[in-house]
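Q: Start counting the sequence shown at 32; every next residue gets the next number (our numbering).
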Amino acid sequence: DVVITQSPLSLPVTPGEPASISCRSSQSLLHSNENTYLSWFQQKRLIYKVSNRDSGVPDRFTGSGAGTDFTLKISRVEAEDVGVYYCMEGTHHPRTLVQP
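(1) Determine the direct distance from the alpha carbon of Ser86 to that of Asn66, and round the result to whole angstroms.
(2) State whether the region 107-114 contacts the region 58-72, with contact taken as three or more CB pairs (one from each stretch) at a distance under 8 Å.
(3) Assuming Val34 contacts Ser53 (C-beta within less than 8 Å), just tell me the rounded distance between them.
(4) In chain order, what residues of the same chain lie with their CB nearer than 7 Å to the CB of Glu120, ignoring the 5 residues before and after it?
(5) When the distance is taken between beta carbons, is Val108 closer than 8 Å to Gly94?
(6) Which residues in the same chain have their Cβ closer than 6 Å to the Cβ of Gly47, if we skip the five residues on either side of it in sequence?
(7) Closer than 8 Å by C-beta to Thr102: which residues in its own chain qualify, once you throw out the five before and the five after it? Chain order, please.
(8) Express the C-alpha separation of Gly98 and Pro49 in angstroms, rounding to a whole number.
Structure (structure tokens):
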């Protein structure tokens with residue numbers, strides 16, 4: 032099984048300053064089809080396939096990396112960015128849209 036480790040576990044931030052979170056996998060996440068299915072989430076998905084921002088995600092969020100080591104960077108932290116972030120390996124991320 033793939034084991035994914037994030038660091039740091041807690042990250043004090045200052046609005047306007049940069050922040051970075053790392054994600055390391057126990058084995059390469061490069062798929063046989065040459066894609067790497069590593070996503071970043073914070074309430075909703077922010078980044079998919081390592082570096083692609085989801086619709087509506089501000090460009091201050093940047094994903095990078097390859098193989099076993101990945102990084103999520105926030106160029107200038109805003110108050111709304113506070114929360115729990117996590118990376119996930121895999122091709123399917125079920126979601127439910129609840130709306131009026």
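Heads up, the beta-carbon is just placed ideally off N, CA and C, and yes, glycines get one too. The structure presented is a predicted model; accordingly, all values stated were derived computationally and were not measured.
A: Per the coordinate set shown:
(1) 20 Å
(2) no
(3) That belief does not hold up - the Cβ atoms of Val34 and Ser53 are roughly 14 Å apart, past 8 Å.
(4) Val33, Ile35, Ser56, Leu60, Tyr68 and Leu69
(5) no
(6) Arg107
(7) Hits under 8 Å: Ser51, Ile52, Ser53, Cys54, Gly94, Ser95 and Gly96.
(8) For Pro49 and Gly98, the distance between alpha carbons rounds to 24 Å.
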